[in-house]
Amino acid sequence: MSISETMPTPDGRRAAGREGWVKIIGLGPGSEALITPEASSVLREATDVVGYVPYVERVAPRPGLTRHGSDNREEIRRAEQALEMAAAGRRVAVVSSGDPGVFAMGAAVFEALETGQPDWQTLDIQVLPGISAMLAASARLGAPLGHDFCCINLSDNLKPWALIEKRLRLGAEADFAMAFYNPRSRSRPEGFARALDVLREACGLDRPIMFARAVSTPEECLRVVTLGEATPGMADMRTLVMVGSSLTRRIPSARNEAGEWVYTPRSVV
Ligand code: SAH
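If you want it as structure tokens, here you go:
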């Protein structure tokens with residue numbers, strides 16, 4: 000699926016600058032307040048916005064801006080399209096949610112650059128950081144990533160399940176706190192249940208696990224339980240899941256939406 004939609008400029012022309020560029024930006028986890036000022040300024044200057052449909056729809060239409068929304072699995076093609084348009088003089092914002100370097104379009108653009116037209120390598124390309132879901136989620140819950148941590152994408156669309164399971168076990172063995180992206184989807188209902196089994200075996204039943212859904216949006220929902228209490232249905236594709244390390248602590252709090260604070264102390268003594 001691919002949708003392109005242009006709002007004409009008042010005099011009917013399509014705006015294009017003399018020198019094109021590609022700026023790879025993140026729109027943060029959902030709230031307008033968590034989009035960086037420099038990402039907002041790129042969106043004001045761009046002639047084209049390229050990305051997965053729901054992210055492109057987060058950019059308000061305006062005269063002179065063409066929004067190109069495409070399907071989730073078309074990342075390399077979308078990146079090539081962005082580079083082609085910039086080579087033709089357009090100012091292209093490539094949008095992802097969160098941060099563009101975390102399981103998002105940043106790497107796809109560089110893959111397309113490396114394998115694409117040689118002249119694309121002279122293009123003006125910039126990556127601008129955004130607030131990744133794990134940072135927004137951990138801020139809501141306290142500081143669960145306060146000591147060493149790792150993050151793992153639980154989707155096996157782009158890697159074999161055996162590698163995910165190996166990384167879960169090694170992350171647990173290294174005693175990292177862990178953040179999990181893409182925990183569960185309708186097309187992959189089994190994976191997260193298997194991940195929970197691996198984590199229970201490696202970390203024990205009392206370890207805290209956090210489910211942060213739709214952080215910074217009106218549907219936000221935070222939940223902290225133990226691995227023994229966790230069920231696969233607690234996560235979906237809008238959820239960021241975190242598991243504490245052996246040092247992670249819980250403090251009851253009537254003031255926090257989750258009913259408690261969770262933190263991992265900075266020192267291991
Ligand atoms: N580049 C993005 C991650 C894209 S992968 C980033 O840096 O955040 C998509 C996954 O991110 C989702 O499946 C979910 O695990 C997580 N995610 C994105 N937005 C979220 C939000 N508002 N609340 C909780 N998790 C979110």
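Just so you know, numbering that gives the first Met the number 0 puts 115 at position 116 of the sequence shown, and the rest follows in order with no gaps.
Ideal Cβ positions, reconstructed from N, Cα and C, are used throughout, including at glycine.
{"Item": "Close beta carbons around Val21, own chain, < 7 Å, minus the five adjacent residues each side", "Value": "Ala81, Leu82, Ala85, Val91, Val93, Val108, Leu122, Ile124"}
{"Item": "From Val48, Pro231, Ser244, residue whose alpha carbon lies closest to that of His67", "Value": "Val48"}
{"Item": "Inter-residue spacing [alpha-carbon to alpha-carbon] between Ala253 and Ser96", "Value": "31 Å"}
{"Item": "Contacting residues, own chain, Cβ-Cβ under 8 Å from Thr263 (five flanking each side not counted)", "Value": "Ala142, Pro143, Leu144, Gly145, His146, Phe148, Ala176, Gly243, Ser244, Leu246, Thr247, Arg248"}
{"Item": "Where Ile250 sits in the DSSP three-state scheme", "Value": "strand"}
{"Item": "Backbone CA spacing between Ile208 and Asp118 [nearest angstrom]", "Value": "48 Å"}
{"Item": "Beta-carbon proximity of Met133 to Leu239, cut-off 7 Å", "Value": "yes"}
{"Item": "Given Ser3 as reference, the closest of Glu164, Ser30, Pro28, Pro60 once Cα atoms are compared", "Value": "Pro60"}
{"Item": "Between the CA atoms of Glu259 and Leu271 - distance to the nearest angstrom", "Value": "One cannot answer for residue 271 here, as it falls past the ends of the chain, which runs 0 to 268."}
{"Item": "Beta bridge counterpart(s) of Ser30 as assigned by DSSP", "Value": "Bridge partners of Ser30: none, in fact."}
{"Item": "Local Cβ density within 10 Å of Ala38, reported as buried at 16 or more and exposed below that", "Value": "buried"}
{"Item": "Unbroken alpha helix (DSSP H) run spanning Trp295, endpoints", "Value": "Because the chain spans 0 through 268 in this model, residue 295 falls outside it and cannot be assessed."}
{"Item": "Helix, strand or coil at Asp304 [DSSP, three-state]", "Value": "As displayed, the chain neither begins before 0 nor continues past 268, which places residue 304 out of reach and without an answer."}
{"Item": "Alpha-carbon to alpha-carbon, Cys150 and Val58", "Value": "28 Å"}
{"Item": "Cβ-heavy atom distance, Ser95 to the ligand SAH, below 6 Å", "Value": "yes"}
{"Item": "Near the ligand SAH: Met104 beta-carbon under 6 Å from a heavy atom", "Value": "no"}
{"Item": "Nearest candidate by alpha-carbon position, reference Ser186, set Pro28, Gly227, Asp155", "Value": "Asp155"}
{"Item": "Pro36 beta carbon near the ligand SAH (any heavy atom closer than 6 Å)", "Value": "no"}
{"Item": "Reduced DSSP secondary structure (H/G/I, E/B, other) of Val58", "Value": "coil"}
{"Item": "Extent of the continuous beta strand (DSSP E) run through Leu259", "Value": "Per the sequence shown, the amino acid found at residue 259 is Glu instead of Leu. Element bounds for Glu259: 259 to 262."}
{"Item": "Candidates Ile24, Pro28, Ser30, of which the one nearest Glu44 by Cα", "Value": "Ile24"}
{"Item": "Coil, strand or helix - Ala14 by DSSP", "Value": "Here Ala14 scores only 46 on pLDDT, less than 50, and its place in the model should not be relied on; the value that follows carries that caveat. In the structure shown, Ala14 sits in coil (DSSP, three-state: anything other than H, G, I, E or B)."}
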